[in-house]
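Participant: Chains as they are written, first to last, in this note's numbering: chain A, 1 to 230; chain B, 1 to 230.
We put the CB at the ideal spot given by N, CA and C, even for glycine.
Quick one: structure below, then a few questions.
Protein chains: 2
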Amino acid sequence: MLGVLGGMGPLASAQFMLRLTLLTPALRDQDHIPAVLWSDPRVPDRTAARIAGGEDPLPALLRGIRGLEAAGATAIAIPCNTAHGWFEAMQAATALPILHIVDAAEAELRRQGVTPGPIGLMGTAGTLAMRLYQGRLDSRGWTCLTPTAEEMDRLVTPGITLVKANDVAGAYSPLAEAARLLIARGARAVVLGCTEIPLGIAAGPVLPFPVCDTIDGLARAAIARCHPPA
Amino acid sequence: MLGVLGGMGPLASAQFMLRLTLLTPALRDQDHIPAVLWSDPRVPDRTAARIAGGEDPLPALLRGIRGLEAAGATAIAIPCNTAHGWFEAMQAATALPILHIVDAAEAELRRQGVTPGPIGLMGTAGTLAMRLYQGRLDSRGWTCLTPTAEEMDRLVTPGITLVKANDVAGAYSPLAEAARLLIARGARAVVLGCTEIPLGIAAGPVLPFPVCDTIDGLARAAIARCHPPA
């Protein structure tokens, strides 16, 4: 049974459940993967914790992991990139394997035919400050181009905030512009490295370059591990 | 914390989580309702159990309720109409209040301005055979018009099966035709009384008469009970 540590944000984890279902080869209910979603939107803001001295989210993350363990989960997926800043602490606290969203994103890039080289990386200010992607991908031949501080303040951070307030349509334009600027700077593809971003990007015209949806990437990684159900 | 007994089917319960989130007034993660979704698609088929002597789903339903209790749920929503055939047995087995999807559907009809009178009712063969809606709504002034046996076999049951196999686009045409036939017979609105049906109906042109989406209705009932979060 797949355990999903969600609620960060709740729309992204609901979308993860939807994509997990739609990407699973199935003809009837019983072919689908049993899953428990722990959707606790009260987890303290991950970016504020990392860059502004906000409340530590780790105790709330561990409460969710305990809940998933009690429910009988055998593997854990976390559809929130920034929460992976606490990945090692979470993995040390549980015997269940936790899928890593950056590895899932890399697999999703390769699935789309994107090979190591310069890629654009959009994410929360916390994800970028922690170098979550660079720390894992630099040694594998990828180079991450990131938005400037001005682009983060004007485009990416406001776009993520709009999705968390349910305004996916309003989020499209700033998020799409930030992605375009990374391509103009030499990126071969853009990683939507915050699970709110694909929701905004899906709300408007398809972008004319490869984008890596980290919700879909994590869903595919979970299906590869858990399907077919026992 | 809202407990969601889902997986019946998994796409419907993922959509329930999405609609629960989108219909909640929220400006940030922490304004959303904490929820645990128990999505176990292995629950034996409810319609087969009721009309064809299939395996009893009650033990699996009660396992889910125990899981939600253990996770700390304080109220339960079940985004599967047919499972409400076991409502009394489930409610007798837990101290947590279970929202009833038929009451939620009635509230959704009234919200849309539909007053008691003749309505169309689409659902699984199990839901219709158990008279889940009629048993609760007849005494309140509603009269349920249902598809003929031929329409069930040709349109409604195949449409539901297509959604469970992830083919929502293919499900639109048979489900929309069944709804139109109920309106032609005098229904003022059509209740989509199986949580797979709104997924198929949403995959094509909007129908030119009121439809009651039981996923949205149940989401609104859950929000009324659980928002704002404690």
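Could you spell out where the alpha helix (DSSP H) holding Gly54(B) opens and where it closes?
Facilitator: That residue, Gly54(B), is in no alpha helix (DSSP H); it is neither H nor E in DSSP.
Participant: For the stretch 27-49 of chain B, enumerate the residues whose C-beta is nearer than 9 Å to any C-beta of chain A, in chain order.
Facilitator: Answer in chain order: Leu27, Arg28, Asp29, Gln30, Asp31, His32, Ile33, Pro34, Ala35, Val36, Leu37, Trp38, Ser39, Asp40, Pro41, Arg42, Val43, Pro44, Asp45.
Participant: In its own chain, which residues sit with a C-beta less than 8 Å from the C-beta of Arg220(A), not counting the 5 before and 5 after it?
Facilitator: Answer for Arg220(A): Leu23, Ala104, Ala107, Glu108, Arg111, listed in chain order.
Participant: Sort Ala77(A), Val4(A), Gly217(A), Ile223(A) by Cα distance to Pro198(A) and report the nearest one.
Facilitator: Checked all of Ala77(A), Val4(A), Gly217(A), Ile223(A); the closest Cα to Pro198(A) is Gly217(A).
Participant: Within 8 Å: the Cβ of Leu207(B) and any heavy atom of the ligand ZN?
Facilitator: With respect to small molecules bound, the structure shown includes none, and the ligand ZN cannot be examined in it.
Participant: Please specify which runs of the alpha helix (DSSP H), each continuous and at least 4 residues long, are wholly inside the stretch 26-91 of chain A, giving them in chain order.
Facilitator: If we require 4 residues or more, the alpha helix (DSSP H) runs fully inside the stretch 26-91 of chain A come out as 46-52, 58-71.
Participant: I'd like to confirm the pairing. Which residues does DSSP put opposite Arg98(B) in its beta bridges?
Facilitator: One point to set straight first is that residue 98(B) is Ile, not Arg, in the sequence displayed. In DSSP, Ile98(B) forms a bridge with Ile76(B).
Participant: Going along chain B, which residues have a C-beta under 8 Å from Thr94(A)?
Facilitator: Near Thr94(A) there are no residues of chain B at all, since even the closest Cβ is about 16 Å away, more than 8 Å.
Participant: Would you kindly report the start and end of the unbroken beta strand (DSSP E) that includes Val190(B)?
Facilitator: 190-192 is the extent of the beta strand (DSSP E) around Val190(B).
Participant: Tell me the residue span of the alpha helix (DSSP H) that contains Met130(B).
Facilitator: Counting along the chain, the alpha helix (DSSP H) containing Met130(B) begins and ends at 125-130.
Participant: Taking the alpha helix (DSSP H) that Thr161(B) falls in, what are its first and last residues?
Facilitator: Element bounds for Thr161(B): 157-164.
Participant: So what does Gly3(A) bridge to, in DSSP terms?
Facilitator: BP columns for Gly3(A) point to Val36(A), Ile76(A).
Participant: From Pro44(B) to Val4(B), what does the alpha carbon distance come to, in whole angstroms?
Facilitator: Each residue's alpha carbon lies about 18 Å from the other.
Participant: Indicate whether at least one CB of chain A lies closer than 9 Å to the CB of Met122(B).
Facilitator: Not one chain A Cβ lies under 9 Å of Met122(B).
Participant: Determine, using beta carbons only, whether Gly67(B) comes closer than 9 Å to chain A.
Facilitator: Closer than 9 Å to some Cβ of chain A, the Cβ of Gly67(B) qualifies, so yes.
Participant: What in chain A is Cβ-close to Asn166(B), meaning under 8 Å?
Facilitator: Result: Thr21, Leu22, Thr24, Ala26.
Participant: What's the call for Thr115(A), buried or exposed, on a 16-neighbour Cβ count within 10 Å?
Facilitator: Exposed: under 16 other Cβ atoms inside 10 Å.
Participant: Near Pro118(A), which residues of its chain fall below 7 Å by C-beta distance, leaving aside the five closest residues on each side in sequence?
Facilitator: Closer than 7 Å at the Cβ level, and outside the excluded window around Pro118(A), lie Thr143, Leu145, Gly186, Ala187, Arg188.
Participant: Pull up the distance between the alpha-carbon of Val206(A) and that of Met1(A), whole angstroms please.
Facilitator: Each residue's alpha carbon lies about 34 Å from the other.
Participant: Identify which residue in Val211(A), Lys164(A), His84(A), Gly141(A) has its Cα closest to the Cα of Ala178(A).
Facilitator: Of Val211(A), Lys164(A), His84(A), Gly141(A), the residue nearest in Cα terms is Val211(A).
Participant: In whole angstroms, what is the alpha-carbon distance linking Arg66(A) and Ala71(B)?
Facilitator: Spanning the two alpha carbons is a distance of roughly 9 Å.
Participant: Can you give the Cα-Cα distance for Ala125(B) and Gly113(B), rounded to whole angstroms?
Facilitator: Cα to Cα, Ala125(B) sits roughly 28 Å from Gly113(B).
Participant: Looking at the secondary structure, which residues open and close the beta strand (DSSP E) in which Thr143(A) lies?
Facilitator: Note, Thr143(A): beta strand (DSSP E), 143-145.
Participant: Counting only the same chain and skipping the five closest in sequence on each side, list residues whose C-beta sits under 7 Å from that of Tyr172(A).
Facilitator: Within the same chain, Tyr172(A) has close Cβ partners Gly200, Ile201, Ala203, Gly204.
Participant: Let me know the secondary structure DSSP gives Asp103(A) once reduced to three states.
Facilitator: If DSSP states are grouped into helix, strand and coil, Asp103(A) belongs with the helices.
Participant: Can you pull the chain B residues whose beta carbon is under 9 Å from the beta carbon of Gly7(A), in chain order?
Facilitator: Ordered by position in chain B, the residues that pass the 9 Å Cβ test against Gly7(A) are Asp29, His32, Pro34, Ala35.
Participant: Nearest to Met8(B) by alpha carbon, out of Ser139(B), Phe209(B), Val163(B)?
Facilitator: Closest option to Met8(B), Cα to Cα, is Val163(B).
Participant: Output the residue ranges of the beta strand (DSSP E) runs that lie fully inside the stretch 180-229 of chain A and measure 3 residues or longer, sorted by chain position.
Facilitator: As far as the stretch 180-229 of chain A is concerned, its whole beta strand (DSSP E) runs of at least 3 residues are 190-192, 211-213.
Participant: Is the CB of Pro229(A) under 9 Å away from at least one CB in chain B?
Facilitator: Interface residue, yes.
Participant: Where do the N-terminal and C-terminal ends of the alpha helix (DSSP H) with Glu122(A) fall, by residue?
Facilitator: The amino acid at residue 122(A) is misidentified as Glu; the sequence shows Met. Counting along the chain, Met122(A) falls outside any alpha helix (DSSP H), though it belongs to the beta strand (DSSP E) covering 118-122.
Participant: Starting from the C-beta of Gly141(B), find all residues in its chain whose C-beta is less than 6 Å away, skip the five residues before and the five after it, and write them out in chain order.
Facilitator: Excluding sequence neighbours, Gly141(B) sits near Pro116.
Participant: How long is the line joining the alpha carbons of Glu88(A) and Leu182(A), rounded to whole angstroms?
Facilitator: Roughly 30 Å between the two C-alpha positions.
Participant: By how many angstroms is the C-alpha of Asp40(B) removed from the C-alpha of Leu232(A)?
Facilitator: Outside the displayed range of chain A (1 to 230) lies residue 232(A), so it cannot be described from this structure.
Participant: Considering only their Cβ atoms, is the gap separating Asp31(B) from Pro174(B) smaller than 9 Å?
Facilitator: No, Cβ-Cβ distance for Pro174(B) and Asp31(B) is not below 9 Å.
Participant: What in chain A is Cβ-close to Leu11(B), meaning under 8 Å?
Facilitator: Leu18, Thr21, Leu22, listed in chain order.
Participant: How far does the alpha helix (DSSP H) with Gln15(B) in it extend, from its first residue to its last?
Facilitator: Looking at the DSSP string, the run of the alpha helix (DSSP H) that includes Gln15(B) is 10-22.
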